[in-house]
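Trainee: Heads up: the sequence lines are chains B and X, in that order. Throughout the first sequence, residue numbering follows the working numbering, covering 2 to 748 in sequence. Throughout the second sequence, residue numbering follows the working numbering, covering 16 to 692 in sequence.
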Amino acid sequence: MNKIINFTIDGIQVQAQKGETILTVARKNGIYIPTMCYISKTSPCASCRMCVVEANGVDGFVLSCNTPPTEGIEITTNNDALQNERVNIMKLYDVNHPLECGVCDKSGECDLQNKTLEFSVERQNFSARDQLREIKHWGLIDYEPSLCIMCEKCVHVCNEVIGDDAIEVKFGGYSSTIIPKNSEMLDCTFCGECIAVCPVGALTSSGFRYRANAWELERVPATCAHCSAGCPLEYETRHSAINGADEIFRVKNNFEFTSLCGAGRFGFDFDNKQSSEANSFELALKAIENAKAIRFSSIITNEEAHILQLLKEKLGIKLFNEDARLFGEFMKSYGSLSGKLHHSGSLDAIKHSDAAIVIGSRIATDNPGVRYALTTASKHNGAKIVYAHPMEDVLMQNVITQMMKYEVGTEEGVMALLAYEILKDADLTESERAFFDDLDLGYIYAETNIGEEELSYMSKSFTRAKKRVLIIGNDLIAHERAGNIAMLAALIEKYSDFSLVVVPREANTLGVSLINTLERDENIENVVGYNAKGDFVISSLGSADLAIPALNQQEGTVVSIDNRVLPTNVALHFSGYTLNDLAKALGVHKDETTHYTQELRREAGFKGIAFDDLENFLSPLGEDNRGYLLDEVALEANGELEELDDLPEFNGTIIYQCDPVLQFNNYTLKAEQLPKDNFLHGSAQFSVAARISDGDMVEISFAKTKIQRKFKLDSELKGTVALNPTFDISVDAGRYRFEKSKIVRVM
Amino acid sequence: MSKVYFSTWNGEFINNINKPQEEWEESAYNLPAQYDSHRESKAFIGWDGVALFDEDVDVIRLAMEYAAQYQEYSEACGRCAPGRWGGRILYDQLDKIARGEGSVADLDHLREIGKSMQITSKCEIGKTVPNPIIDLMKHFEDVFMECINEQKPSKHYGDEIGYIAKITAPCTDACPSHVDIPAYIEGVRDLRMDDSLMATRQTMPLAHVCGRVCPHPCEDACRRTNLDEPISIMSLKRLGADWETDHGYDFFHPMEKKPSIGKRVAVIGAGPAGLTTAYYLAAEGIEVDVYEELPVLGGEVAVGVPEYRMPIDKYNKDIECVKDMGVNFLVNSKINADDMRRFESEYDATMVATGTRISKKVYCDNERPEIKGYWGAIDFLDKVNLYEKYGYTITKAEQEENLLTTDYVDLTGKILVCVGGGFTSMDVVRCAIRANAKKVYMIYRRDEKTIIKNTTYEEYHEAVEEGVEFLFHSAVAQMRDEDNLLKSLLVDKFELVPDPNGGRAELVKIEGASYEIEADYIIPAVSQSADLELLPEEWEIEKTSWATIKTNGKDYMTSRKGIFASGDCEYGPMTIVNAVGQAKRAASVMARYVQSGEVSLSDDEIMEDHLRKLRVYDKKEKVTGWLPGIPRQHSTVLDAEDRKYNNKEVKLGFTQEEAMSEAERCMRCYYIAMVQA
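#1: Run through the segment 414 to 473 of chain B for me and flag every whole beta strand (DSSP E) of 3 or more residues, listed as ranges in chain order.
#2: Taking the beta carbon of Ile-47 of chain X as the centre, do at least 16 other beta carbons fall within 10 Å, making it buried, or is it exposed?
#3: Just to confirm, is the Cβ distance from Asp-583 of chain X to Val-604 of chain X under 7 Å?
#4: Leaving aside the five residues before and after Gly-428 of chain X along the sequence, list all residues of the same chain whose C-beta is less than 7 Å from its C-beta, in chain order.
#5: Can you give me the Cβ contacts of Thr-23 of chain X inside the same chain, cut-off strictly under 6 Å, excluding the 5 residues immediately before and after it?
#6: Count the other C-beta atoms from every protein chain shown that fall within 10 angstroms of the C-beta of Ser-581 of chain X, then say buried if there are 16 or more, exposed otherwise.
#7: Would you mind working out which of B:Ser-742, B:Met-698, B:Arg-736 sits nearest Leu-327 of chain B, comparing C-alpha positions?
#8: Looking at C-beta atoms only, is the number of pairs between the segment 101 to 108 of chain X and the segment 34 to 50 of chain B that lie closer than 8 Å three or more?
#9: Roughly how many angstroms separate the alpha carbons of Ile-243 of chain B and Trp-216 of chain B, rounded to a whole number?
#10: Would you call Phe-21 of chain X buried or exposed, if buried means 16 or more other Cβ atoms sit within 10 Å of its Cβ?
#11: Below 8 Å on the Cβ atoms is my guess for Ser-544 of chain B versus Gln-275 of chain B; work out the distance and round it to an integer in Å.
#12: By Cβ distance below 7 Å, which residues in the same chain neighbour Gln-648 of chain X in space, the five residues on each side in sequence not counted?
#13: Can you say whether Leu-77 of chain X is buried or exposed, counting buried as having 16 or more other CB atoms within 10 angstroms of its CB?
#14: Closest by CA to Ala-483 of chain B, which one among B:Glu-637, B:Glu-453, B:Gly-361, B:Gly-530?
#15: Give a yes or no on whether the minimum CB-CB distance between Arg-266 of chain B and chain X is below 7 Å.
#16: Cα separation between Ala-285 of chain X and Arg-54 of chain X?
#17: Select from X:Gly-129, X:Lys-468, X:Ala-288 the residue whose C-alpha is nearest the C-alpha of Thr-371 of chain X.
#18: Take Met-332 of chain B as the anchor and find which of B:Val-156, B:Gly-628, B:Val-504, B:Glu-616 has the nearest alpha-carbon.
#19: Quick check on DSSP: helix, strand or coil for Trp-62 of chain X?
#20: Is there a Cβ from chain C that is less than 7 Å from the Cβ of Tyr-39 of chain B?
#21: Between Lys-19 of chain B and Ile-645 of chain X, what straight-line distance do the alpha-carbon atoms span, to the nearest angstrom?
#22: Evaluate contact between the segment 644 to 664 of chain B and the segment 401 to 418 of chain B, counting only Cβ atoms and requiring at least three cross-stretch pairs below 8 Å.
#23: Just the Cα atoms here: how many angstroms apart are Gly-577 of chain B and Asn-97 of chain B?
#24: Anything in chain X within Cβ reach of Phe-120 of chain B, meaning under 9 Å, just list it in chain order.
#25: At a CB-CB cut-off below 9 Å, which residues of chain B make contact with Thr-292 of chain X?
#26: Buried or exposed: where does Met-2 of chain B fall if 16 or more other Cβ atoms within 10 Å of its Cβ makes it buried?
#27: For the candidate residues B:Glu-257, B:Asp-81, B:Ser-684, whose alpha-carbon lies nearest to that of Ser-716 of chain B?
#28: When DSSP labels each residue in this structure, what does Arg-326 of chain B get in the three-state scheme?
#29: How many Å lie between Arg-627 of chain B and Cys-232 of chain B at the Cα?
#30: For Glu-473 of chain X, which three-state DSSP category applies?
#31: Closer than 8 Å is the cut-off here; do at least three beta carbon pairs connect the segment 511 to 526 of chain B with the segment 294 to 302 of chain B?
#32: Hey, does Thr-594 of chain B have any beta-carbon neighbour from chain X nearer than 7 Å?
#33: Determine the DSSP secondary structure at Arg-482 of chain B, reduced to helix, strand or coil.
#34: If we require 4 or more residues per run, which alpha helix (DSSP H) segments fall completely within the segment 449 to 519 of chain X?
#35: Got a sec, what are the start and stop residues for the alpha helix (DSSP H) Cys-262 of chain B sits in?
#36: Can you say whether Thr-771 of chain B is buried or exposed, counting buried as having 16 or more other CB atoms within 10 angstroms of its CB?
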């Protein structure tokens with residue numbers, strides 16, 4: 002039933018869809034109703050009462066933020082009586098609010114300041130006894146209760162969008178305050194979203210506190226460089242001292258509609274400060290000319306990737322990037338069955354879903370953007386969420402409704418079971434049906450450790466769902482059987498109402514996979530590393546043979562998980578060479594790197610729009626007008642599912658390559674404010690099995706790697722797999738993330 | 016009704032100022048003039064006005080203390096700007112006047128802030144706290160002015176005076192378990208399901224059950240009714256419980272279990288009353304042993320209420336929640352008088368919560384239990400549920416007794432007639448449909464309207480949809496058998512004859528309209544009575560005229576010290592929520608009793624009883640500040656064809672969207688009442 006309600010606001014005829022409130026309709030129609038506590042992405046806090054309106058025939062004022070309109074109602078948003086109450090509310094907000102605007106971080110962009118002026122609160126009739134309230138220091142976040150107006154926005158986003166549910170209101174009338182939930186100290190993932198939404202200076206960034214005023218900072222719109230979610234953000238820069246160089250002071254975001262994780266918010270100072278030796282440019286040119294291959298990471302722009310591709314073609318060298326190669330291979334197999342190049346889902350599809358399966362990813366840390374979208378779906382749509390993975394994740398507990406714990410390595414079997422269950426009644430082709438008929442279910446149940454009842458429980462819990470999404474993580478992409486897995490994913494997408502999201506590992510894995518033709522990485526001599534290991538290293542990570550700008554020092558585009566081509570801009574000037582300078586010297590000529598934007602491969606779905614013509618904003622109602630969505634590309638659907646392979650067994654000591662919250666890679670490692678938890682995390686069970694105890698220094702050997710770490714007993718973990726961080730080392734992205742390893746105590 | 020010195024309660028205006036006490040008028044309301052057995056009230060102040068029972072009341076202090084309560088009642092407060100600051104300003108300004116430092120401008124500010132609170136506050140506390148304060152300022156202006164003009168403290172400022180306050184809401188007041196309904200709805204609205212669930216569990220441990228099968232008397236007292244339709248209060252309750260279960264959380268208990276205090280309590284019966292007693296006693300650090308006669312826990316909700324209404328895996332979560340508090344359960348333990356005598360010395364107190372498990376007779380001719388096909392409702396439902404939910408099969412002997420050929424209840428080809436009209440009879444007929452009976456009748460003396468009133472609209476219509484035929488204004492006159500095998504029933508027809516004097520209409524038999532229906536089974540589900548064999552005769556425990564255990568309905572102690580009773584065996588067959596409410600109160604009394612040997616009520620409980628007597632809900636009150644006409648949400652129900660022959664849960668519960676939009680309709684009608692005693 003999608004009934005449309007007709008009514009008027011201030012005499013203007015307007016319409017409401019199901020689920021819309023008077024306030025949302027007013028905003029859609031450009032009619033202003035003041036609010037102090039409303040935030041679009043959460044359920045109404047309803048605490049400020051500023052948004053009261055009059056409805057004809059109704060005694061008293063009606064709250065517009067949480068009241069849906071009724072047919073024919075006439076709403077008045079402003080008159081003397083309403084104005085009087087709003088002024089009184091502002092007076093109340095101002096009672097005992099410390100007059101420290103001169104030093105307050107929020108000054109200049111403070112809702113309380115703005116509305117105090119807007120409502121001309123010139124005198125104060127009301128007074129109440131002041132109270133002593135201590136400032137709380139919660140690590141990256143400071144809380145000053147005397148400035149807090151108890152709008153509850155922070156509490157709502159933390160619970161409904163982020164999913165940490167780490168703060169709550171301590172009720173107590175006038176002495177109400179925000180407190181950490183179930184803990185003395187704030188125990189959360191430090192996304193800093195609470196700081197972003199705070200309309201006053203109550204919640205602030207401890208690293209930014211008292212360092213600058215809002216109006217002194219220059220804002221540079223950009224795309225976050227840390228993962229593939231492609232979150233929009235603004236770097237705020239200013240000179241660091243008189244005559245000092247510019248520096249990023251903080252990151253802000255359009256919190257009304259989007260969110261950032263803590264790495265995005267606090268991990269902004271990864272700019273490359275290294276300056277190169279005078280002759281390093283020449284050495285770099287020579288190195289490239291003599292190189293057999295360039296090995297590069299996906300934390301680069303599309304334009305850089307494009308230049309690398311041109312160099313490859315020009316110089317006949319190989320390109321190595323295992324992360325993007327595997328992603329590309331996966332999508333190729335996917336395309337061979339789906340007949341198209343891009344997955345159908347997006348973060349928005351996840352947000353709006355009411356059923357989701359996440360498989361093969363420790364998603365909360367792999368891609369916080371996906372986690373937040375899942376939180377939103379869980380909270381606002383009551384989504385049923387199946388989390389299929391060999392390890393539980395406490396960060397996901399309040400979101401997931403079914404943990405499907407499978408044996409390490411058996412992903413192909415699990416995908417086959419999921420497809421089997423989801424496509425039971427689907428109209429498959431004969432050969433596709435034969436694939437399922439041939440499955441040895443007993444064997445797969447036994448080896449994956451997924452029971453038949455788990456699958457039927459999933460189907461039962463999805464019964465009422467209308468919008469479903471399948472989210473596939475790196476454990477499937479980097480799996481030995483990725484090809485078949487990708488086809489199973491394509492099959493589910495094709496024959497069911499599931500949309501599909503394949504989560505790229507790095508900020509621009511997807512873009513690189515579309516732009517570059519990549520060879521399998523071989524351990525050969527004469528490799529130039531581009532933000533990666535090599536015999537000659539060109540990098541933005543510091544201590545390189547030639548320094549180049551980091552992503553916050555460049556303009557260009559990246560492709561996000563949404564298949565969206567997103568522009569990013571120069572926050573800090575880099576004095577040195579860029580890849581384009583090298584290319585120019587090597588005969589690949591364009592004046593500016595961004596001149597390549599319009600030349601990005603049309604065959605991959607790029608639109609050929611020039612960089613300067615790309616939009617980069619969210620509309621006042623939150624529509625994403627950043628860059629553009631890739632065009633869909635049709636492919637020949639000639640793929641055939643292979644028979645299921647024997648499912649591998651992983652015995653012994655297993656580690657899982659996985660970063661802690663707030664860390665992603667060597668760039669986040671550079672960020673001053675981000676904690677660097679580089680312990681090997683294991684459960685008590687793991688510690689017994691590996692015969693190591695908390696605090697031991699251990700040597701971990703897997704593949705050809707040997708590293709030393711301290712072991713940390715983690716009470717939140719279960720089972721026999723330990724988590725090994727990767728942000729401080731470089732791991733081979735071509736490998737499956739679970740590794741059989743040897744762990745010995747180092748004396 | 017009591018004499019008052021002054022009252023503005025609910026719009027009345029009684030002013031006996033300067034009149035001798037003998038001439039004082041009475042208030043029209045059940046105001047708590049007598050606080051408890053040894054204390055008289057001096058004043059009562061609340062959302063709806065103020066009443067003074069004594070000339071000596073310091074009205075400024077009274078107003079100030081009432082404003083102070085607003086700060087105290089933190090669970091409902093601090094959530095909106097006008098309330099948070101306004102409440103504090105009210106208090107500070109009143110205190111300023113009371114201590115002799117007030118000015119005339121303070122009175123203006125009080126009126127101004129009071130008005131803003133009345134108009135814009137989030138909940139009714141904020142909207143109503145100014146009401147009696149402004150009443151006092153208006154009618155005792157001279158007293159206020161005297162303090163202001165002479166800059167002197169009010170007459171009892173600084174004296175030690177007892178003020179006892181209680182927060183309530185119309186729905187909470189009407190709920191026999193006094194569940195903090197606005198709080199659990201707020202939890203849903205704020206998407207904080209843990210808070211929602213803990214709000215429920217403060218007084219109601221069976222959140223899954225009472226989120227599904229409660230007859231929700233609260234909804235009859237929902238203030239939203241005055242505006243459009245009541246909130247779907249019951250259905251919103253299961254969200255918290257379902258969320259906890261869905262996400263596999265440990266149980267969210269609203270309190271921390273206290274360390275052992277070395278006391279022991281025996282609870283007889285593991286139904287709603289027994290479970291509730293056990294939960295709250297265990298939380299107090301008391302060791303609790305629950306004895307259950309049946310092989311399964313849960314009482315009638317387990318073996319009476321069918322699976323399609325109350326899935327056992329969900330009920331088991333509620334039971335596990337009680338277990339999680341640290342309660343010992345002993346199943347297959349039928350307690351007799353000797354046990355009870357033993358318990359008296361082994362335990363510090365005993366709770367009898369054995370329910371009513373004897374099906375009453377139909378009272379018709381030839382009603383002989385030995386006739387095959389005559390099957391008591393309780394036993395019938397036991398057999399159905401023990402098989403459907405737990406897999407207990409029926410023995411050969413019992414099969415024969417009940418004309419069965421299978422080890423579960425299969426009524427294929429059989430005609431079943433149930434005599435009843437309450438929830439139990441609805442369960443019987445709908446289970447009979449699911450057991451594949453050829454034809455199912457419900458015989459009821461009164462009409463459709465009454466059966467809906469006695470059960471619920473949904474329950475009745477779902478039964479009709481599933482194919483039950485209701486014979487209204489009918490009663491079984493005679494059972495007809497052949498060799499003790501039921502063959503048919505003679506049914507009398509009645510009509511409702513209005514009383515010409517305007518009294519209650521009377522059912523009169525229509526002569527010559529009686530008819531016969533074929534029947535293989537007759538299931539009496541008229542009512543149930545309590546089996547009280549376990550009470551030692553020499554204890555001479557007092558009974559009610561309904562043959563249930565007698566208590567005063569406040570502390571639930573029987574006529575024998577240390578022996579308590581709650582639930583159906585005390586009240587007679589009633590609802591789950593009634594049993595829970597009694598048991599919750601009894602647990603609180605018992606927790607004090609085992610420590611002190613005294614039977615007492617807390618101030619909160621005394622106030623709870625006063626407010627219940629006064630009645631919080633006023634169906635005539637005009638609601639302002641809310642837009643009327645926003646429809647109540649209805650949760651999806653399985654189609655009759657999808658549910659008729661299986662035990663799938665019939666009500667699917669709200670989707671998140673439905674739940675949130677329903678929760679937004681709640682007006683948070685919290686009120687504060689305060690007595691000066």
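Heads up, the beta-carbon is just placed ideally off N, CA and C, and yes, glycines get one too. Note that the structure is a prediction, hence the values are computed from the model and not measured.
Mentor: Put simply:
#1: 469 to 473
#2: For the purposes of this step, residue 47 of chain X is taken as the residue at position 32 of the second sequence. Looking at the sequence shown, residue 47 of chain X is not Ile but Pro. With 16 or more other Cβ atoms within 10 Å, it is buried.
#3: As a working note, residue 583 of chain X is residue 568 in the second sequence. As a working note, residue 604 of chain X is residue 589 in the second sequence. No, the Cβ-Cβ distance between Asp-583 of chain X and Val-604 of chain X is not below 7 Å.
#4: The residue you call residue 428 of chain X lines up with position 413 of the second sequence. Excluding positions up to five away in sequence, the list reads Lys-453.
#5: Residue 23 of chain X sits at position 8 when you count from the first residue of the second sequence. So the list reads Gly-64, Val-65, Asp-150, once near-sequence residues are dropped.
#6: By one-based count along the second sequence, residue 581 of chain X stands at place 566. Under this definition Ser-581 of chain X is a buried residue.
#7: On the first sequence, position 326 is the one that residue 327 of chain B refers to. Per the Cα distances, B:Arg-736.
#8: no
#9: Numbered from its first residue, the first sequence carries residue 243 of chain B at position 242. Numbered from its first residue, the first sequence carries residue 216 of chain B at position 215. Roughly 17 Å between the two C-alpha positions.
#10: If you number the second sequence from 1, residue 21 of chain X lands on position 6. By the neighbour-count rule (16 or more Cβ atoms within 10 Å), Phe-21 of chain X is buried.
#11: On the first sequence, position 543 is the one that residue 544 of chain B refers to. On the first sequence, position 274 is the one that residue 275 of chain B refers to. Rounded, the Cβ-Cβ distance is 7 Å, consistent with contact.
#12: Translated into positions along the second sequence, residue 648 of chain X becomes position 633. Contacts found: Ser-247, Phe-669, Glu-673, Ser-676, Glu-677.
#13: Within the second sequence, residue 77 of chain X is the residue found at index 62, counting from 1. By the neighbour-count rule (16 or more Cβ atoms within 10 Å), Leu-77 of chain X is buried.
#14: Along the first sequence, read from residue 1 onward, the residue named residue 483 of chain B stands at position 482. Cα-wise, what sits closest to Ala-483 of chain B is B:Gly-361.
#15: Taking the first sequence and counting its residues from 1, one reaches residue 266 of chain B at position 265. No, Arg-266 of chain B does not count as interfacial toward chain X.
#16: Residue numbering aside, residue 285 of chain X sits at position 270 when the second sequence is read from its first letter. Residue numbering aside, residue 54 of chain X sits at position 39 when the second sequence is read from its first letter. Those two C-alpha atoms are separated by around 38 Å.
#17: The count along the second sequence starts at 1 and reaches residue 371 of chain X at position 356. For Thr-371 of chain X, the nearest C-alpha among the options comes from X:Ala-288.
#18: Residue numbering aside, residue 332 of chain B sits at position 331 when the first sequence is read from its first letter. Answer by Cα proximity: B:Val-504.
#19: Sequence index remark: in the second sequence, residue 62 of chain X carries index 47 (1-based). Annotated three-state conformation of Trp-62 of chain X is coil, per DSSP.
#20: Any reference to chain C falls outside this structure, whose protein chains are B and X.
#21: In the first sequence, counting from the first residue as 1, residue 19 of chain B sits at position 18. In the second sequence, counting from the first residue as 1, residue 645 of chain X sits at position 630. Distance between the alpha carbons of Lys-19 of chain B and Ile-645 of chain X: 12 Å.
#22: At 8 Å Cβ cutoff, the stretches touch.
#23: Counting from one through the first sequence, the residue named residue 577 of chain B turns up at place 576. Counting from one through the first sequence, the residue named residue 97 of chain B turns up at place 96. If you take the alpha carbons of Gly-577 of chain B and Asn-97 of chain B, they lie about 52 Å apart.
#24: Position 119 of the first sequence, counted from the start, is the residue given in the question as residue 120 of chain B. In chain order: nothing, as chain X lies at least about 13 Å away.
#25: To locate residue 292 of chain X, count along the second sequence from 1; it is residue 277. Going along chain B, no residue has its Cβ under 9 Å from Thr-292 of chain X, so there is no contact; the nearest lies around 28 Å.
#26: Position 1 of the first sequence, counted from the start, is the residue given in the question as residue 2 of chain B. In this prediction, Met-2 of chain B has a pLDDT of 48, which is less than 50 and means its spatial position is unreliable; nothing more can be read from the coordinates.
#27: Here the question's residue 716 of chain B lines up with position 715 in the first sequence. Here the closest residue by C-alpha is B:Ser-684.
#28: As a first step, residue 326 of chain B is located in the first sequence; it is residue number 325 there, counting from the start. In the structure shown, Arg-326 of chain B sits in a helix (DSSP, three-state: H, G or I).
#29: Within the first sequence, residue 627 of chain B is the residue found at index 626, counting from 1. Within the first sequence, residue 232 of chain B is the residue found at index 231, counting from 1. Roughly 10 Å between the two C-alpha positions.
#30: Here residue 473 of chain X refers to the residue found at position 458 of the second sequence. Correct three-state label for Glu-473 of chain X: helix.
#31: yes
#32: Within the first sequence, residue 594 of chain B is the residue found at index 593, counting from 1. For Thr-594 of chain B, the answer is no, since every Cβ of chain X falls outside 7 Å of its Cβ.
#33: For this step, residue 482 of chain B is matched to residue 481 along the first sequence. Arg-482 of chain B: coil per DSSP, three-state reduction.
#34: 463 to 469, 472 to 480
#35: Here residue 262 of chain B refers to the residue found at position 261 when the first sequence is read from its first residue. Note, Cys-262 of chain B: premise wrong, no alpha helix (DSSP H); not H, not E.
#36: Nothing can be reported for residue 771 of chain B, as the shown portion of chain B is limited to 2 through 748.
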